[in-house]
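Heads up, the thing below is written out as structure tokens.
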Amino acid sequence: MKLRALAFTSCAALLLAGCSDDLAGPAEPAGPSPAMAPISTLEVIDFESELHRKQLFNVYTNLGTGPIGVRGKSPFVGAPNAAVVYDSANPETWDLDLGTPSAACGGPGNGTQTGAGTPYENCRDLGKVLIVNDAVFDGDNDGLVNRADDFNQTAYDNVWLFFSFDQIGPQTVQSITALDIDGNAPNPRVELYDADTTLVASYSIPSDMPDNGSTIVDLGGTPNVSFVKVYLNGSGAIDELVLGESVPAPAQLGDLVWCDENENGIQDGTEPGLAGVTIDLTCTAADGTVTNLSTVTDATGSYLFTDLPPGACTVTVDASTAPDGCDNIGDCPVTMDVDLD
Numbered sequence: 187m188k189l190r191a192l193a194f195t196s197c198a199a200l201l202l203a204g205c206s207d208d209l210a211g212p213a214e215p216a217g218p219s220p221a222m223a224p225i226s227t228l229e230v231i232d233f234e235s236e237l238h239r240k241q242l243f244n245v246y247t248n249l250g251t252g253p254i255g256v257r258g259k260s261p262f263v264g265a266p267n268a269a270v271v272y273d274s275a276n277p278e279t280w281d282l283d284l285g286t287p288s289a290a291c292g293g294p295g296n297g298t299q300t301g302a303g304t305p306y307e308n309c310r311d312l313g314k315v316l317i318v319n320d321a322v323f324d325g326d327n328d329g330l331v332n333r334a335d336d337f338n339q340t341a342y343d344n345v346w347l348f349f350s351f352d353q354i355g356p357q358t359v360q361s362i363t364a365l366d367i368d369g370n371a372p373n374p375r376v377e378l379y380d381a382d383t384t385l386v387a388s389y390s391i392p393s394d395m396p397d398n399g400s401t402i403v404d405l406g407g408t409p410n411v412s413f414v415k416v417y418l419n420g421s422g423a424i425d426e427l428v429l430g431e432s433v434p435a436p437a438q439l440g441d442l443v444w445c446d447e448n449e450n451g452i453q454d455g456t457e458p459g460l461a462g463v464t465i466d467l468t469c470t471a472a473d474g475t476v477t478n479l480s481t482v483t484d485a486t487g488s489y490l491f492t493d494l495p496p497g498a499c500t501v502t503v504d505a506s507t508a509p510d511g512c513d514n515i516g517d518c519p520v521t522m523d524v525d526l527d
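So for the sequence shown, the numbering used here puts the first residue at 187; every next one is plus one.
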């Protein structure tokens with residue numbers, strides 16, 4: 187009879203062939219605080235704490251990192267800042283194309299081709315978003331423009347929103363959400379600059395989305411970014427600028443040891459798991475750090491290693507701890523990579 191061991195990796199939010207992901211929940215929001223260092227976890231600029239129609243000059247992330255400078259440019263406004271907060275959950279009657287979710291998903295937006303499963307699905311309530319306002323008038327000087335209305339002219343190559351990290355230090359940028367980008371806009375894009383204002387990367391924003399469509403633009407996890415410039419070059423809005431490093435979640439590895447009495451490589455119903463068998467684990471992280479762990483199978487023959495760092499892991503069964511009559515046929519036949527990037 188042969189001694190056999192199975193192994194699986196458990197990593198959060200993905201379940202495939204016995205492999206599942208386990209990501210930690212978000213930290214509690216903190217008060218505003220200058221960082222002057224790269225953000226070590228993912229944070230989002232989402233404008234949720236701002237008022238509809240607010241002319242925005244500074245913003246903080248969802249976890250309170252800031253201030254982050256904000257500016258908007260409209261050819262019709264000139265020098266004044268045209269960056270204005272817009273409540274997409276309660277869109278103005280003249281701007282239903284900025285509503286979220288879309289009508290196709292039961293929301294206030296006017297999109298009929300942006301339902302679930304479509305390329306530019308608009309089924310999430312984005313709440314507050316940021317637009318380049320068509321005009322900036324604040325008649326009562328309360329910090330709110332009289333009318334929130336995104337730039338509604340086309341074929342302009344100088345309509346943009348700008349974010350500066352000079353108060354918090356260079357950051358890694360992950361992605362940004364774009365809403366209702368004008369199909370006639372010339373070359374809508376996101377440009378990333380370093381502290382010397384050198385362009386380090388540029389990412390296109392799709393301009394073929396239907397009315398009231400939405401998409402997430404992947405910014406490649408670009409590091410050392412000091413300025414982000416989003417060229418809308420027409421109507422539309424942005425939301426959810428994601429900053430920080432994507433930290434892999436700890437993994438789990440384990441399964442079952444049993445005695446393969448008929449040596450067919452399959453655990454048949456009459457072949458029980460083996461209790462008290464010692465399992466050794468060796469994991470090598472990307473930086474070369476080696477972790478050695480050991481555990482013993484429970485009454486059902488199961489074992490589990492938790493909180494493992496990303497890397498390649500190998501399971502070894504200590505055959506000397508198995509019952510008489512069971513022979514070890516070798517270590518786990520695969521080296522498992524539990525990198526969760």
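All C-beta atoms, glycine included, are put in the ideal place defined by N, C-alpha and C.
Segment limits, beta strand (DSSP E) that includes residue i
i	result
G355	From DSSP, G355 is part of no beta strand (DSSP E); its letter is neither H nor E.
R257	254-259
P409	400-411
V230	229-231
E426	423-429
C469	464-470
T481	476-482
C-alpha gap between residue i and residue j, whole angstroms
i	j	result
G472	E234	Inspection of the sequence shows that residue 472 is occupied by Ala rather than by Gly. Cα to Cα, the separation comes out at about 38 Å.
R375	L418	7 Å
R310	D441	38 Å
A216	T358	Because the pLDDT of A216 is 39, which lies under 50, any placement of that residue in the model is unreliable, and the question is left without a value.
A508	N448	17 Å
S412	A269	19 Å
E457	L467	24 Å
D324	L330	6 Å
A213	T477	In this predicted model, A213 has a pLDDT of only 32, less than 50, meaning its place in the structure is not dependable; the value taken from the coordinates is given anyway. Approximately 28 Å between the Cα atoms of the pair.
T279	H238	14 Å
G422	D397	10 Å
S274	I391	20 Å
V256	L494	40 Å
N267	E431	30 Å
Q353	P372	32 Å
F348	I465	55 Å
E236	V271	7 Å
G211	D326	Because the pLDDT at G211 is just 27, under 50, the model does not fix this residue reliably, and the value given afterwards should be weighed accordingly. Each residue's alpha carbon lies about 43 Å from the other.
N244	G250	12 Å
D320	D368	14 Å
S196	I231	At S196 the pLDDT is 38, less than 50, meaning the model places this residue with poor confidence and gives no usable figure here.
D380	G462	57 Å
C499	T475	12 Å
D510	Q453	18 Å
C291	N332	30 Å
P496	D394	39 Å
G487	A289	53 Å
T383	D504	59 Å
P356	A302	36 Å
P306	D404	Before going further, note that residue 306 is Tyr rather than Pro in the sequence given. Taking the straight line joining both Cα atoms gives about 14 Å.
K259	T304	31 Å
D283	F262	21 Å
T481	T492	11 Å
Y489	S506	17 Å
V322	Y389	29 Å
Identified DSSP bridge partners for residue i
i	result
A437	L494
E377	S388, K415
Q360	DSSP lists no partner for Q360.
T298	Looking at the DSSP assignment, T298 forms no beta bridge with any residue, so it has no partner.
A269	V318
F243	Beta-bridge pairing links F243 to no other residue.
T500	T468
W346	K259, Y417
G459	W444
S488	L442
D394	For D394, which the question treats as bridged, DSSP gives no partner whatsoever.
L330	K240
L365	S400, A423
D336	N319
Minimum Cβ-Cβ distance from residue i to chain D less than 8 Å
i	result
I424	The displayed structure is made up of one protein chain only, and chain D is not part of it.
Residue nearest to residue i in terms of C-alpha spacing, selected from the options
i	options	result
L460	A485, Q453, T481	A485
L378	C499, D326, T408	T408
V345	A302, V416, P287	V416
D281	N248, D336, K240	D336
V501	G292, C469, T483	C469
A334	Y489, W444, L439, K240	K240
N248	G258, P261, K259, T227	T227
C512	L242, D446, Y389	D446
Proximity test, residue i beta-carbon vs the ligand HEM heavy atom, cut-off 7 Å
i	result
A471	Because no ligand of any kind appears in the structure shown, any question about the ligand HEM cannot be addressed here.
Segment contact flag, the segment 350-366 with the segment 417-431, C-beta cutoff 8 Å, min 3 pairs: yes
With a cut-off of 8 Å, do at least 3 Cβ pairs link the segment 313-328 to the segment 290-297? no
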